[in-house]
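Engineer: Numbering (the working numbering), first residue to last: 1 to 149. Below: one structure in structure tokens.
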């Protein structure tokens, strides 16, 4: 059987809520997804890449819209070697300076050092109002990432 998660990652890759805010976020997300198997906050030691798992559909240049997959892997390797501290790269498709975090991922993806996630929430995601509430509690804008493994 496969599992699904809804992950909430701050748009700022280095943002980390306070532990009290993270606990409040867990409580709020649990109230939004009462059927979830679990709701957890995870603080990563370093910036990580969060993606949709088996839902991955590709990535496009944020400047010209071209398929970025031909050069994305190499850009990710270089960024990984720097522990994702520098997400800027030059897009070979158009020569623009772009952020790996700002590319157009066809399924949502984000870089972050904190994630709040609900496992098997039996939901497609938060309503705009619920997302706003969660953002207020955590003190940041969030990217919602539906993950399937």
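Note that beta-carbon positions come from the ideal geometry of N, C-alpha and C, so glycine has one too. Computed from a predicted model, the values in this text were never measured in an experiment.
Tell me the DSSP bridge mates of residue 89?
Structural biologist: In the DSSP secondary-structure assignment, residue 89 is bridged to 98.
Engineer: In whole angstroms, what is the alpha-carbon distance linking residue 134 and residue 30?
Structural biologist: So the alpha carbons of these two residues sit roughly 11 Å apart.
Engineer: Taking 6 Å as the limit between beta carbons, can you name the residues of its chain near residue 121, skipping five residues before and five after?
Structural biologist: 6, 33, 36
Engineer: What's the gap between the Cα of residue 47 and the Cα of residue 114?
Structural biologist: A direct Cα-to-Cα measurement between residue 47 and residue 114 gives close to 8 Å.
Engineer: So residue 116 packs on residue 24, CB below 8 Å; how close in whole Å?
Structural biologist: Not confirmed; about 10 Å, so no contact.
Engineer: What are the partner residues of residue 34, as DSSP defines its beta bridges?
Structural biologist: DSSP, once it has assigned bridges, lists no residue as partnering residue 34.
Engineer: Ordered along the chain, which non-local residues of its own chain (more than five positions away) have a Cβ less than 8 Å from that of residue 54?
Structural biologist: Here residue 54 has 2, 148, 149 as same chain residues with Cβ atoms under 8 Å from its own Cβ, once five neighbours each way along the sequence are excluded.
Engineer: When burial is assigned at 16 or more other CB atoms within 10 Å of the CB, is residue 111 buried or exposed?
Structural biologist: buried
Engineer: Spell out the partners DSSP gives residue 43 in its beta bridges.
Structural biologist: 114
Engineer: Based on DSSP bridge pairs, tell me the residues matched to residue 4.
Structural biologist: 148
Engineer: Any contact of the segment 135–142 with the segment 89–103, i.e. 3+ C-beta pairs under 8 Å?
Structural biologist: no
Engineer: Are there 16 or more other CB atoms within 10 angstroms of the CB of residue 57, so buried, or fewer, so exposed?
Structural biologist: exposed
Engineer: Please state whether DSSP places residue 50 in a helix, a strand or coil.
Structural biologist: Per DSSP, reduced to three states, the secondary structure at residue 50 is strand.
Engineer: In angstroms with no decimal places, state the Cα-to-Cα distance between residue 146 and residue 125.
Structural biologist: The alpha-carbon atoms of residue 146 and residue 125 are separated by roughly 8 Å.
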